[in-house]
Amino acid sequence: MKKSKRLVPVRQLKQQAERGEAKKLAGLQQELQQAKNQLAELESYLAEYYQTVQQHQSQVTQASQLGLYQAFISRLQQAIRHQSEMVQQRQAAVQAQTRKWIEANARLKTMDQLIEAARQQENLDESRREQKVQDDRPFRGNNGF
Numbered sequence: 002m003k004k005s006k007r008l009v010p011v012r013q014l015k016q017q018a019e020r021g022e023a024k025k026l027a028g029l030q031q032e033l034q035q036a037k038n039q040l041a042e043l044e045s046y047l048a049e050y051y052q053t054v055q056q057h058q059s060q061v062t063q064a065s066q067l068g069l070y071q072a073f074i075s076r077l078q079q080a081i082r083h084q085s086e087m088v089q090q091r092q093a094a095v096q097a098q099t100r101k102w103i104e105a106n107a108r109l110k111t112m113d114q115l116i117e118a119a120r121q122q123e124n125l126d127e128s129r130r131e132q133k134v135q136d137d138r139p140f141r142g143n144n145g146f
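Numbering (the numbering used here), first residue to last: 2 to 146.
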């Protein structure tokens, strides 16, 4: 069996690995986008809440009500900090997975190059064999054998 044919199953394994890494990367990118969307929603909600509190500030007459507003704002800010950390973690995961995918893709390309080099060598060897047969024919006699 030719070397190029023997390398095909190895290439298939490399391709499966590369596709697996690509799927993981796509999933992590989706998670990152969701985390960013949630962060944007929280920040938007906080801005809206600040506006609402400022508009109704003159109507707040009790200190307990003001304390509730401040406590809620504090919880929102804490949620935003937590979500920001989640976004950073997701970004780090995407970066790490991107590196893994790049490495898997490089291994696949290297395998493709190896197979192509083997095919070229096989073609060259076959061409040389044919040329040798053609060169040896005159020396074999009248019937060519």
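Idealized CB from N, CA, C, for every residue including glycine.
The three-state reading of DSSP puts M87 in helix, counting H, G and I together. K15 sits in a helix when the DSSP states are folded into three classes.
Distances from the CA of R7 to each of Q121, I116, K133 and R138 were compared; the closest alpha carbon is that of I116. Within a 10 Å sphere around the beta-carbon of E19 sit 16 or more other beta-carbons, which makes this residue buried. Counting of Cβ neighbours within 10 angstroms places A105 among the buried residues, the total reaching 16 or more. Looking at Q121, S59, R108 and A80, the one whose alpha-carbon comes closest to that of Y46 is A80.
Measuring C-alpha to C-alpha distances from Q35 to each of F73, Y50, A23 and Q84 identifies Q84 as the nearest. The distance from the Cβ of R91 to that of L29 is about 7 Å, consistent with a contact at the 8 Å cut-off.
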